[in-house]
Amino acid sequence: MISTVLVANRGEIACRVFRTCADLGIRTVAVHSDADENALHARMADAAVRLPGAAPAETYLRGDLIVKAALAAGADAVHPGYGFLSESAGFARAVLDAGLTWIGPAPQAIEAMASKTRAKRLMGLAPLDAAGVTDADLPVLVKAAAGGGGRGMRIVRRLDELPAALEAARAEAASAFGDGEVFVEPYIERGRHVEVQILADAHGTVWALGTRDCSLQRRHQKVIEEAPAPGLAAGLQEELHALAVRAARAVSYTGAGTVEFLVADGRAHFLEMNTRLQVEHPVTEAVFGIDLVAEQIRVAEGRPLDGEPPRARGHAVEARLYAEDPAREWAPQTGTLHRLAVPAGVRLDTGCADGDTIGVHYDPMLAKVVAHAPTRAEAVRRLAGALDAAAVHGPVTNRDLLVRSLRHEEFTSARMDTGFYDRHLPELTAPAADPYAPLAAALADAHGRSRFGGWRNVPSQPQVKRYEMAGEEHEVRYRHTREGLAADGVRVVQAGAHLVVLEVDGVRRRFEVARYGDQVHVGSTRLTALPRFPDPAAQLAPGSLLAPMPGTVVRVADGLAEGAAVRAGQPLIWLEAMKMQHQIPAPVTGTLGALHVRTGQQVEPGMLLAVVHELQESR
Numbered sequence: 045m046i047s048t049v050l051v052a053n054r055g056e057i058a059c060r061v062f063r064t065c066a067d068l069g070i071r072t073v074a075v076h077s078d079a080d081e082n083a084l085h086a087r088m089a090d091a092a093v094r095l096p097g098a099a100p101a102e103t104y105l106r107g108d109l110i111v112k113a114a115l116a117a118g119a120d121a122v123h124p125g126y127g128f129l130s131e132s133a134g135f136a137r138a139v140l141d142a143g144l145t146w147i148g149p150a151p152q153a154i155e156a157m158a159s160k161t162r163a164k165r166l167m168g169l170a171p172l173d174a175a176g177v178t179d180a181d182l183p184v185l186v187k188a189a190a191g192g193g194g195r196g197m198r199i200v201r202r203l204d205e206l207p208a209a210l211e212a213a214r215a216e217a218a219s220a221f222g223d224g225e226v227f228v229e230p231y232i233e234r235g236r237h238v239e240v241q242i243l244a245d246a247h248g249t250v251w252a253l254g255t256r257d258c259s260l261q262r263r264h265q266k267v268i269e270e271a272p273a274p275g276l277a278a279g280l281q282e283e284l285h286a287l288a289v290r291a292a293r294a295v296s297y298t299g300a301g302t303v304e305f306l307v308a309d310g311r312a313h314f315l316e317m318n319t320r321l322q323v324e325h326p327v328t329e330a331v332f333g334i335d336l337v338a339e340q341i342r343v344a345e346g347r348p349l350d351g352e353p354p355r356a357r358g359h360a361v362e363a364r365l366y367a368e369d370p371a372r373e374w375a376p377q378t379g380t381l382h383r384l385a386v387p388a389g390v391r392l393d394t395g396c397a398d399g400d401t402i403g404v405h406y407d408p409m410l411a412k413v414v415a416h417a418p419t420r421a422e423a424v425r426r427l428a429g430a431l432d433a434a435a436v437h438g439p440v441t442n443r444d445l446l447v448r449s450l451r452h453e454e455f456t457s458a459r460m461d462t463g464f465y466d467r468h469l470p471e472l473t474a475p476a477a478d479p480y481a482p483l484a485a486a487l488a489d490a491h492g493r494s495r496f497g498g499w500r501n502v503p504s505q506p507q508v509k510r511y512e513m514a515g516e517e518h519e520v521r522y523r524h525t526r527e528g529l530a531a532d533g534v535r536v537v538q539a540g541a542h543l544v545v546l547e548v549d550g551v552r553r554r555f556e557v558a559r560y561g562d563q564v565h566v567g568s569t570r571l572t573a574l575p576r577f578p579d580p581a582a583q584l585a586p587g588s589l590l591a592p593m594p595g596t597v598v599r600v601a602d603g604l605a606e607g608a609a610v611r612a613g614q615p616l617i618w619l620e621a622m623k624m625q626h627q628i629p630a631p632v633t634g635t636l637g638a639l640h641v642r643t644g645q646q647v648e649p650g651m652l653l654a655v656v657h658e659l660q661e662s663r
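Sequential numbering from 45 applies to the sequence shown in my numbering.
Here it is as structure tokens:
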């Protein structure tokens, strides 16, 4: 029997494994980088071990340090979570060689399936030869052989784009997974991403636990997942289950794993097998009433599964909440997460607590929110409502995108495919906010000020406050009167520091308000309080390129120096943040006036990177 589990991971998945271990009476050990010393997973475990020496982004890829930590802390088993070393056969062997129990499949099964290229060959398929790709093969997808989560993936639609896509994908894959191998496969434009959760023991039993649909993806990263996959013909579902079981049996698989497919025109195309737990596993747990982590532990202890899997009940939908800014091309965001809370009735899996700092070194996912209900329509409605009502105070997030996606007719009618965001992203991210939010913020801020300090017997100029909301500046005016605060066009029923009630056209509306410095949250609307008088020193020269996020400069365009000619849209600087690369293009065609950064330099949001002087056409 396992008594102490070390989780070789961080964040949300480490916390999720710790919860199950606590339920089972198993002691827990966390490992952490210096950047994660005060992270929730390090605080939540019974014991925590610092991994010394490595840079934060590399820490959880140091298998040798993790094995030493397990032995030092008295752990007798290691759970890899997902990402990092979860699909490293070498790490699994190192754990076993140290006399520890590995909570996962055998190293040889990982070797056979963890590399997507080897998995395809095992299933009788082969990737394209990158050197032999022709125009007739386009579009193609460049894909990391190890790992997942959208890292190391690029769509290529023109042959001359392939070399750069291969280079970028290799760099991103090496940073995220410690393995820069990539491959090329045909890209299917309008397919659905469907996967099968499998669970297998060492006694020959393999369960296929239904299907999941993960078609809503942005930058090849899953955003919304659900179980079961809606609208699949019975015959196709049986085929998917059979193929998944066949893949598991082909490598004598044990534990939890996922077999992924692209479904198009009623046919299933094998993509890969993930030899680990998936981020979206909670929807399967909800539908089957099962704890997959507990089952992983039982299988690792050598116990058999029951003869038949439990019956599926109802429908579950999961949304991934990320700290990212749609106004800045979805750049990852950092800062203090002041509050994260969802209504009762939905599941929240997170690696963050109120007051935690969201840093630059890791994936920007804040949480997963999961709703389960008897029908798909009810589950979708419940999740959308919970996200809409959630308190998410801190960095800008993708919350509005999630809510709008869940309520989009193409999704509610289950007609979505992997091209959903290619078609609808602009409309789903168009700025929208409550027009009364700035007034509510101003009235809450005015609460507590002396009525007699602000009220005048003779009417005078109104009080004025300015806020930035959804990328635009809003000015609001209100007055102090004998009866309290007042504003034109509405009746102020109540104005407190945290609650404002307004009557608009005979309808009362409640606004919950929270303020953290200049950051103000009114319901689900995020505002920034602006200074009364703008600072003249804050004005920037035309053509200034600012860092959209904190990160590291990993590349500067060849030959880029003061006076160099550049064209609009030309990539000038490459930043790496949260294990993804982001290009900073020239805003206009002209010449480089100044370059303020170098390769390897750390930058902060808003830092001036370069200035491009626009080319003035002669008249």
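Positions of the beta carbon are idealized from the N, C-alpha and C atoms, including for glycine.
Cβ-Cβ distances below 8 Å link Val534 to Tyr480, Leu483, Leu546, Glu547, Val548 in the same chain, with the five nearest sequence neighbours on each side left out; the list follows chain order. In this structure the stretch 51-65 touches the stretch 393-412; the number of beta carbon pairs closer than 8 Å is three or more. According to DSSP, Thr462 shares a beta bridge with no other residue. Ranked by how close their Cα comes to the Cα of His524, the residues Arg510, Gln505, His542, Glu512 have Gln505 in first place. Under the three-state reduction of DSSP output, Gln660 falls in the coil class, being neither helix nor strand. If you check the CB distance, Ala190 and Pro124 do not come in under 8 Å. The C-beta distance from Leu166 to Ala156 rounds to 6 Å, short enough to meet the 8 Å contact threshold. Here the alpha carbons of Val307 and Gly346 stand approximately 35 Å from one another. Cβ neighbours of Asp80 within its own chain (closer than 7 Å, five residues either side excluded): Arg54, Ala86.
In this structure, DSSP gives Gly301 an extended state, which the three-state scheme calls strand. With contacts defined by Cβ atoms closer than 8 Å, Leu616 and Val610 form a contacting pair. Judged by beta-carbon spacing, Ala385 lies beyond the 8 Å limit of Ala458, meaning their Cβ atoms are not closer than that value. If you look at Phe314, you'll find it isn't in any alpha helix (DSSP H); it sits in the beta strand (DSSP E) that goes 311-318.
Straight across, the Cα-Cα distance linking Val177 with Gly235 is about 22 Å. Proximity to Val73 across Pro230, Gly118, Arg526, Arg576 peaks at Gly118, based on C-alpha coordinates.
When C-alpha distances from Ala101 are compared across Glu304, Thr401, Ala218, the shortest belongs to Ala218. The residues Pro151, Ile154, Glu155, in chain order, have a CB closer than 6 Å to that of Ala133 in the same chain once the five nearest residues on each side in sequence are set aside. Put simply, the backbone Cα of Ala531 is about 13 Å away from that of Val544. For Cys65, the enclosing alpha helix (DSSP H) stretches over residues 55-68. Between the stretch 356-365 and the stretch 402-422, the count of C-beta pairs closer than 8 Å reaches three or more; the two stretches touch. The straight-line gap separating the alpha-carbon atoms of Leu84 and Ser159 is approximately 31 Å. Taking the C-beta atoms as reference points, Glu517 is found nearer than 8 Å to Arg510.
Under DSSP, the beta-bridge partners assigned to Phe555 are Val544. With a threshold of 16 other beta carbon atoms within 10 Å, Gly567 meets it and is buried. Among the bridge pairs identified by DSSP, His626 is matched with Leu619. The three-state secondary structure of Tyr126, taken from DSSP, is coil.
Residue nearest to Thr401 within the set Gly389, His382, Asp407 is His382 (criterion: CA-CA distance).
By the Cβ neighbour-count rule, His405 is buried, with 16 or more other Cβ atoms within 10 Å of its own. Burial check for Met460: the Cβ neighbour count within 10 Å reaches 16 or more, so the residue is buried. Judged by their CB atoms, Arg521 and Gln507 are nearer to each other than the 8 Å cut-off. Distances from the alpha-carbon of Val440 to those of Phe332, Pro207, Thr572 put Thr572 closest. Apart from sequence neighbours up to five positions away, the residues of its chain that approach Leu431 with a beta-carbon distance below 8 Å are Ala363, Leu365, Val386, Val413, Arg443, Leu446, Val447, Leu450, ordered along the chain. If you draw a straight line from the Cα of Thr328 to the Cα of Ala175, it comes to about 40 Å. DSSP places Ser259 within a strand segment (E or B) once states are collapsed to three. The beta carbons of Ile147 and Ala286 sit no closer together than 8 Å. The C-beta distance from Met88 to Phe62 rounds to 5 Å, short enough to meet the 8 Å contact threshold.
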